[in-house]
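Undergrad:
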Amino acid sequence: MINEDSQKPEIYISSEEIQQAAVRCADAVNHFLEDKSGGVVLVCVLKGAIFFFSDVLKHLSQIKDCELDVCRVKSYENDSSTGRIEVLLDCKAAVEGKHVVLFEDIVDTGLTLDFLRAHFEKRGVASLMVCTLLDKPSRRKVSVDVEFAAITVPDKFLVGYGLDYNQKYRLLNDICVLTNSQ
Ligand code: 5GP
């Protein structure tokens, strides 16, 4: 558990690096959608991926026949994974037979993504591409496919650009680590 009173955020990934990552992600999504016919649903995994999602959307070229949606799952309390995935809000779009691109903030143990992949596959998607801004492979508990991971990070708890600690720090433009200021 982090002692919030003595923590201050220190930049770990700058907003410039994040914007470059968003462009790389959009290129990968554009490429993925190139040969796909039929509907596309772009899904933001709330709340953490909200900034990444909107920044990537600005650079997409295949915008005809694209539906936007959100879903929300919970697996974290404070700074640790509970290992139990709870769906707080399911994606409302009809995804059956559609090409779905899922946007995540970070893949850590992999449990959330493993759950979400199975969830969307069960709903009969034609194809699924997962894009994550951050990937912490050293923390994996389950092996899970990630089609695009923009930035690999070590085992540090990160905040900012949508990522929170107890709902704080989400609005920082950079991704930060909380360091002890005492
Ligand atoms: P996983 O199920 O892969 O362990 O965790 C996925 C979720 O845990 C992420 O979508 C995110 O909400 C949360 N999470 C994992 N690592 C971090 C981190 O370093 N910082 C923050 N703020 N959340 C994290």
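My numbering puts the first residue of the sequence shown at 1, with every later residue one more than the last.
Don't be surprised by glycine CBs; every beta carbon is placed ideally from N, CA and C.
Remember, it's a predicted structure, so these values are computed and weren't measured experimentally.
As an exercise, report each continuous beta strand (DSSP E) stretch of at least 3 residues that is fully enclosed by the segment 58-123, in chain order.
TA: Correct list: 66-77, 80-89 and 99-107.
Undergrad: Check whether the Cβ of residue 165 lies closer than 7 angstroms to any heavy atom of the ligand 5GP, and answer yes or no.
TA: Here the question's residue 165 lines up with position 165 in the sequence shown. Within the cutoff, so yes.
Undergrad: Output the distance between the C-alpha atoms of residue 84 and residue 91, rounded to the nearest integer angstrom.
TA: On the sequence shown, residue 84 is found 84 positions in, with the first residue counted as 1. On the sequence shown, residue 91 is found 91 positions in, with the first residue counted as 1. Whole-angstrom Cα-Cα distance: 19 angstroms.
Undergrad: In angstroms with no decimal places, state the Cα-to-Cα distance between residue 142 and residue 48.
TA: The sequence position of residue 142 within the sequence shown is 142, counting from 1. The sequence position of residue 48 within the sequence shown is 48, counting from 1. Looking at the two C-alpha atoms, the distance is approximately 21 angstroms.
Undergrad: Alpha carbons only, please: which of 35, 23, 62 and 157 is nearest the one belonging to residue 107?
TA: Reading the sequence shown from its first residue, position 107 is the one you call residue 107. Checking every option, the nearest Cα to that of residue 107 belongs to 157.
Undergrad: Note down the Cα distance separating residue 61 from residue 86, rounded to an integer number of angstroms.
TA: Within the sequence shown, numbered from 1, the residue matching residue 61 stands at position 61. Within the sequence shown, numbered from 1, the residue matching residue 86 stands at position 86. The alpha-carbon atoms of residue 61 and residue 86 are separated by roughly 34 angstroms.
Undergrad: According to DSSP, is residue 10 helix, strand or coil?
TA: In the sequence shown, counting from the first residue as 1, residue 10 sits at position 10. DSSP places residue 10 in strand when its eight states are reduced to three.
Undergrad: The alpha helix (DSSP H) that contains residue 23, what's its start and end?
TA: On the sequence shown, position 23 is the one that residue 23 refers to. It spans 15-33 - the alpha helix (DSSP H) in which residue 23 sits, taken as one unbroken run.
Undergrad: So what does DSSP say about residue 55, is it helix, strand or coil?
TA: Residue numbering aside, residue 55 sits at position 55 when the sequence shown is read from its first letter. Residue 55 falls in the helix class under three-state DSSP.
Undergrad: Shortest alpha-carbon distance to residue 95 belongs to which of 40, 174, 114 and 134?
TA: The residue given as residue 95 occupies position 95 in the sequence shown. Selected option, being the one with the closest Cα: 40.
Undergrad: Assuming residue 97 and residue 144 are in contact, meaning their beta carbons sit under 8 angstroms apart, how far apart are those beta carbons, in whole angstroms?
TA: To locate residue 97, count along the sequence shown from 1; it is residue 97. To locate residue 144, count along the sequence shown from 1; it is residue 144. The pair is not a contact, with the Cβ atoms about 23 angstroms apart (cut-off 8 angstroms).
Undergrad: I need the straight-line Cα distance from residue 177 to residue 72, nearest angstrom please.
TA: Here the question's residue 177 lines up with position 177 in the sequence shown. Here the question's residue 72 lines up with position 72 in the sequence shown. Taking the straight line joining both Cα atoms gives about 24 angstroms.
Undergrad: Taking only three categories from DSSP, how would you classify residue 138?
TA: Taking the first residue of the sequence shown as 1, we reach residue 138 at position 138. Residue state, collapsed to three classes: helix.
Undergrad: Taking residue 22 as the reference, give the member of 36, 14, 52 and 152 with the closest Cα.
TA: Within the sequence shown, numbered from 1, the residue matching residue 22 stands at position 22. Per the Cα distances, 52.
Undergrad: Any idea which residues DSSP pairs residue 171 with across the strands?
TA: Reading the sequence shown from its first residue, position 171 is the one you call residue 171. For residue 171, which the question treats as bridged, DSSP gives no partner whatsoever.
Undergrad: From residue 7 to residue 164, what distance separates their C-alpha atoms?
TA: Numbered from its first residue, the sequence shown carries residue 7 at position 7. Numbered from its first residue, the sequence shown carries residue 164 at position 164. Near 14 angstroms, if we compare the C-alpha coordinates of residue 164 and residue 7.
Undergrad: Between 134, 56, 100 and 161, which lies nearest to residue 118 when the distance is taken from Cα to Cα?
TA: Translated into the one-based positions of the sequence shown, residue 118 becomes position 118. Per the Cα distances, 100.
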